[in-house]
Amino acid sequence: MSAETKSGSSNLVSTVISCILSLVIFATMRFYSSWITATQMNTIVGGFIGSWLFVFALTAVSNMEMLVFGNDFQAKFIPEIVTCLTLATVASGVVHRVCATTCVFFCICALYFVNRISNKYHNKGSIATDQIPIRRGGGKKNK
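Heads up: the sequence shown begins at 1 in the numbering used here, then just goes up one per residue.
Below you can see the structure in the form of structure tokens.
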């Protein structure tokens, strides 16, 4: 089995698991909506649960795109992240308005930490300091 096949199958498994977890989280939020709206603290917990919906939806979308477009494909801000953020916010807003507001804040925090973890393991887009040419001296070479 080649490396691409293993990576492709792991992307497929991750996509399926993330889709299932997204559906389970959405169904749980709808099923327990009366509990979530009961107290102020529960509405904040509802927003936190909605942020997990965002994380799993973004994981599913990103892995599905990696299956279709190749392993070097990355999720961008405008199409993928905004769509998943809107999906999670609307799903939380169906339960309670405060859940939608707290979901946005928790999603921003989750996105920050997911980005940090992704940069730590993949380190794409950074230039090593060894490769940057250092110019010494400030004057003209030919006087």
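Here a beta-carbon is modelled for each residue, glycine too, at the ideal position from N, C-alpha and C.
Checking 9 Å against the spacing of the C-beta atoms, do residue i and residue j come in under that value?
| i | j | result |
| --- | --- | --- |
| residue 18 | residue 56 | yes |
| residue 36 | residue 95 | yes |
| residue 58 | residue 92 | no |
| residue 66 | residue 115 | no |
If we count the other Cβ atoms within 10 Å of its Cβ and call it buried at 16 or more, is residue i buried or exposed?
| i | result |
| --- | --- |
| residue 15 | buried |
| residue 2 | Since pLDDT at residue 2 reaches only 49, below the 50 mark, its modelled position is unreliable, and no value is offered. |
| residue 50 | buried |
| residue 41 | exposed |
| residue 113 | exposed |
| residue 100 | buried |
| residue 22 | buried |
| residue 117 | exposed |
| residue 43 | buried |
| residue 27 | exposed |
| residue 25 | buried |
Of the residues the options, which one's Cα is nearest the Cα of residue i?
| i | options | result |
| --- | --- | --- |
| residue 32 | 41, 46, 23, 40 | 46 |
| residue 82 | 9, 70, 62 | 62 |
| residue 39 | 74, 98, 122, 73 | 98 |
| residue 123 | 29, 74, 111 | 74 |
| residue 80 | 70, 102, 64 | 64 |
| residue 29 | 103, 13, 111 | 103 |
| residue 84 | 111, 120, 121, 8 | 111 |
Is the closest heavy atom of the ligand FAD to the C-beta of residue i under 8 Å?
| i | result |
| --- | --- |
| residue 80 | The ligand FAD is not part of the structure shown, which contains no ligands of any sort. |
Using a Cβ distance threshold of 8 Å, determine whether the stretch 82-89 contacts the stretch 101-109, with at least three qualifying pairs required. yes
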